[in-house]
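Step one of this worksheet: look at the structure below.
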Amino acid sequence: MSLTVAADKDTGVAVVTLDRPERLNAIDLTMRDELVAVWRELRFDDTVRAVVLTGAGERAFCTGLDRDAVVPQPSSPYMMDDPLLRVGPKANDLWKPVVAAVRGMACGGAFYLLGEADFVVADPTAAFFDPHTTYGMVSAYESMLMALRMPYGEAARMALMGSAERMSARRAHEIGLISEVTEPDGALDAAVGCATVVAGYPAEAVQGTVRALWAAKEAALAQAFAQAPHLIALGNLPGERQADLFAARRSGEYRVR
1268 MSLTVAADKD TGVAVVTLDR PERLNAIDLT MRDELVAVWR ELRFDDTVRA VVLTGAGERA
1328 FCTGLDRDAV VPQPSSPYMM DDPLLRVGPK ANDLWKPVVA AVRGMACGGA FYLLGEADFV
1388 VADPTAAFFD PHTTYGMVSA YESMLMALRM PYGEAARMAL MGSAERMSAR RAHEIGLISE
1448 VTEPDGALDA AVGCATVVAG YPAEAVQGTV RALWAAKEAA LAQAFAQAPH LIALGNLPGE
1508 RQADLFAARR SGEYRVR
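Going left to right, the sequence shown walks through residues 1268 to 1524 as the numbering used here numbers them.
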């Protein structure tokens, strides 16, 4: 299993952990399918009233799609399968609150998950960035989700600066991407504490509030997502060229702000 799920029946909180620390919790197709299955299963488990999503290990919450994942695509230019489009809780019709706990890197495809969390807490090691443009890829779905979680200029800067910059937990808190910067190694405990409080309230009222909050941005997101496949098809470099750029990357050459 690429995930672990630990549910506390007394508190009503389930902790879902991305569990591929040796790959910086990058999402391969197996983990993608497991996430979809977990979100769908949690819809039917009335003993779970709130969820915490986190990543195993100290280095990363999630670094997006595993670069070794092979994603089959239809031959038609009018059809494109995005492997992470249905990876989040809202995409699977789960309206129980989800709190994300971030430690270390959260980048690229991680924003599919953070974009569908209800709020995010992070410890001081958290660093957010979007490397798509650096490697010749369009940041479409990811930047659309982030544009609804932070001021437009900050979302644009993160998407356009690529791997040259990483947003610190402090800056992410200043702009509202995360709701709390915890003590070192404290993100998971803080997220569980918040989820425990929420899980103690009447479930119908909580789930209705989650649904109402998402409805406030759902229409805009649906219209934006409709444009994404065409933008990706037009703007992405061929896979071989992307691989060349990725192989030529220089680690450690970035600015933290």
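Backbone N, C-alpha and C fix where the C-beta goes; we use that ideal spot for every residue, glycine too.
Opening and closing residue of the alpha helix (DSSP H) in which residue i lies
{"i": "residue 1435", "result": "Residue 1435 -> not in any alpha helix (DSSP H); beta strand (DSSP E) instead, spanning 1432–1435."}
{"i": "residue 1514", "result": "1506–1514"}
{"i": "residue 1414", "result": "1408–1414"}
{"i": "residue 1380", "result": "1377–1381"}
Opening and closing residue of the beta strand (DSSP E) in which residue i lies
{"i": "residue 1320", "result": "1317–1322"}
{"i": "residue 1387", "result": "1386–1389"}
{"i": "residue 1394", "result": "1394–1396"}
Where residue i falls: helix, strand or coil (DSSP)
{"i": "residue 1372", "result": "strand"}
{"i": "residue 1274", "result": "strand"}
{"i": "residue 1351", "result": "coil"}
{"i": "residue 1499", "result": "helix"}
{"i": "residue 1284", "result": "strand"}
{"i": "residue 1488", "result": "helix"}
{"i": "residue 1522", "result": "strand"}
{"i": "residue 1338", "result": "coil"}
{"i": "residue 1361", "result": "coil"}
{"i": "residue 1366", "result": "strand"}
{"i": "residue 1239", "result": "The chain is shown only over 1268 to 1524; residue 1239 falls outside these bounds and no answer can be derived."}
{"i": "residue 1480", "result": "helix"}
{"i": "residue 1493", "result": "helix"}
{"i": "residue 1291", "result": "coil"}
8 Å contact criterion, which residue i and residue j should meet: CB distance rounded
{"i": "residue 1390", "j": "residue 1436", "result": "7 Å"}
{"i": "residue 1385", "j": "residue 1366", "result": "6 Å"}
{"i": "residue 1273", "j": "residue 1309", "result": "So it is not a contact: roughly 13 Å between Cβ atoms."}
{"i": "residue 1531", "j": "residue 1376", "result": "Examination of residue 1531 is not possible in this model, given that the chain is present from 1268 through 1524 alone."}
{"i": "residue 1292", "j": "residue 1322", "result": "4 Å"}
{"i": "residue 1414", "j": "residue 1422", "result": "4 Å"}
{"i": "residue 1279", "j": "residue 1466", "result": "4 Å"}
{"i": "residue 1512", "j": "residue 1400", "result": "Actually they do not touch by this definition, with Cβ atoms about 10 Å apart."}
{"i": "residue 1268", "j": "residue 1301", "result": "6 Å"}
{"i": "residue 1433", "j": "residue 1523", "result": "5 Å"}
{"i": "residue 1470", "j": "residue 1287", "result": "Not quite, the Cβ-Cβ distance comes to about 31 Å (not below 8 Å), so this is no contact."}
{"i": "residue 1305", "j": "residue 1283", "result": "6 Å"}
Residue j beta carbon less than 8 Å from that of residue i
{"i": "residue 1329", "j": "residue 1285", "result": "yes"}
{"i": "residue 1403", "j": "residue 1383", "result": "no"}
{"i": "residue 1372", "j": "residue 1397", "result": "no"}
{"i": "residue 1340", "j": "residue 1333", "result": "no"}
{"i": "residue 1378", "j": "residue 1352", "result": "no"}
{"i": "residue 1472", "j": "residue 1439", "result": "no"}
{"i": "residue 1338", "j": "residue 1350", "result": "yes"}
{"i": "residue 1481", "j": "residue 1363", "result": "no"}
{"i": "residue 1380", "j": "residue 1416", "result": "no"}
{"i": "residue 1449", "j": "residue 1388", "result": "yes"}
{"i": "residue 1320", "j": "residue 1298", "result": "no"}
{"i": "residue 1454", "j": "residue 1344", "result": "no"}
{"i": "residue 1408", "j": "residue 1311", "result": "no"}
{"i": "residue 1488", "j": "residue 1405", "result": "no"}
Min CB distance residue i to chain D below 8 Å
{"i": "residue 1405", "result": "The chain labelled as chain D is not found in the depicted structure, where only one protein chain is given."}
- Message: Going residue by residue through the stretch 1416–1466, where are the continuous alpha helix (DSSP H) segments of at least 4 residues, counting only ones entirely within it?
- Response: Whole alpha helix (DSSP H) segments, 4+ residues: 1419–1428, 1436–1442, 1454–1466.
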